Amino acid sequence: MTSRPSSRWRPTTRWLVWAAILLGSAVANAFVEVMDASRRGEALALWQPMTWELSSAGMILLTLPLLWWGCQRWPLHADTWKRRLPLYLLASVAWSLLHVAGMMALRHLAYASLGEHYVDGAGWASRLLYEYLKDVRAFFTFVAIEHFFSWFGRRRQGEAHLLAAPEDAPPEEPVDRPERFLVRKLGRDFLVATGDIEYAQAAGNYMNLHVRGHDYPLRSTMAALEARLDPARFVRIHRSYVLNLGFLVSIEPLDSGEARAHLADGTALPCSRRQLPVLRAALGQGAALVAADPTLAGAAPRAST
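Each residue of the sequence shown is one higher than the one before, counting from 6 in the numbering used here.
Shown next as structure tokens:
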């Protein structure tokens, strides 16, 4: 089993929910257009507005994963939204162009398959402007909803922070090598021992601290977190993973020169070819350190190759 980043809202479920909403709305809009045409005394075959609406909804569904990826890659926070707003505005233009181009192509294909010719009364310039004025609202609605659920997911799941030093007393532990992390979950605070962290995984601007089946996002870079962890216990095994040696059970070499690190709970983490010698060297060093200092027994290597 290979570990994957914790999902606050599983992508498949999220996509299916939006598919139901968008497709249901498209079908309803198509019937409304037929009814409006009938009231005006015009004949409008149902397949035409159905083609218009479904082509638009279909392209939105196809491009939503790209939009979600962008939200995760460049999240908006109180200290980043001003700097990243121009990027999102630029992305809204690109998203609209992709939406319109795909939508028009689908319409032409649908009409051609029925022996008809699709004619767009508006010119390309006016069509693009018209669609962008609609798409920019939809784009930022999707962005806002995505960020809301990401925020709510972090609140429900819990988010890790470094312990802050008291204002009227010296810190209880060195700031550069914390023994505990503060986890805030649904308004309550918990302390997580650093030694209980099985591994940490990079996820955008966050590091997910994996503890007993739960992932607690810590806003940090890989390099910053790695510098704060005890190198006698934690080793970087991949560009996205830092492993606690105390939870390592075995190393499985692969034909590619890479490896899988198997943990006690059955999780398998990727170990890159470059970091495999580092991991093996750390295991040997860890054994020597445990022999010299029994307090490091929690990091004792249990790996076999």
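Built from N, CA and C at the ideal position, the CB exists for glycine as well.
Bear in mind that the values here come from a model prediction, so they are computed numbers and not experimental data.
- Partner residues in the beta bridge of Glu257, as assigned by DSSP, are Arg265.
- For the 8 Å CB-CB criterion, Leu274 and Tyr211 do not form a contact.
- Counting the other Cβ atoms within 10 Å of the Cβ of Glu58 gives 16 or more, which makes it buried.
- For Gln53, the enclosing alpha helix (DSSP H) has its first and last residue at 52-78.
- Spatial neighbours of His267 in its own chain (CB-CB distance under 6 Å, excluding positions within 5 residues in sequence) are listed in chain order as Val254, Ser255, Ala273.
- Note on Tyr135: under 16 other CB atoms within 10 angstroms of its CB, so exposed under the neighbour-count rule.
- Take the alpha-carbon of Thr18 and the one of Phe154: they are about 13 Å apart.
- Under DSSP, Tyr221 forms a beta bridge with Leu214.
- The beta carbon of Leu90 sits closer than 6 Å to none of the beta carbons in its chain outside the five residues before and after it.
- Between Glu257 and Leu281, the CB-CB gap reaches or exceeds 8 Å.
- Contact between the stretch 69-80 and the stretch 32-43 is not established, with fewer than three Cβ pairs separated by less than 8 Å.
- Bridge partners of Ala198 according to DSSP: Arg185.
- Arg132 is not a Cβ neighbour of Tyr123, given a cutoff of 8 Å.
- Closest by C-alpha distance to Trp23, out of Thr56, Met40, Ala50, Ala62, is Ala62.
- Going by DSSP, Tyr246 is part of the beta strand (DSSP E) stretching over 246-249.
- Straight-line measurement puts the Cα of Leu27 at about 26 Å from the Cα of Ala130.
- If you draw a straight line from the Cα of Tyr116 to the Cα of Trp74, it comes to about 33 Å.
- Excluding residues up to 5 positions away in sequence, Glu203, Tyr204, Leu268, Ala269, Asp270 lie with their Cβ nearer than 8 Å to the Cβ of Phe252 in the same chain.
- One Cα belongs to Leu214, the other to Phe186, and the distance between them is close to 10 Å.
- Looking at the DSSP output, Ala207 sits in a beta bridge with Met212.
- From the listed residues Ala207, Leu230, Asp201, Thr226, the smallest Cα separation to Arg217 is found for Asp201.
- Note on geometry: alpha-carbon atoms of Arg44 and Glu38 lie some 10 Å from one another.
- Non-local beta-carbon contacts of Leu92 in its own chain, meaning distances under 8 Å to residues more than five positions away in sequence, involve Trp79 in chain order.
- For Pro275, there is no enclosing alpha helix (DSSP H); the residue is found in the beta strand (DSSP E) stretching over 273-276.
- The straight-line gap separating the alpha-carbon atoms of Asp140 and Leu66 is approximately 13 Å.
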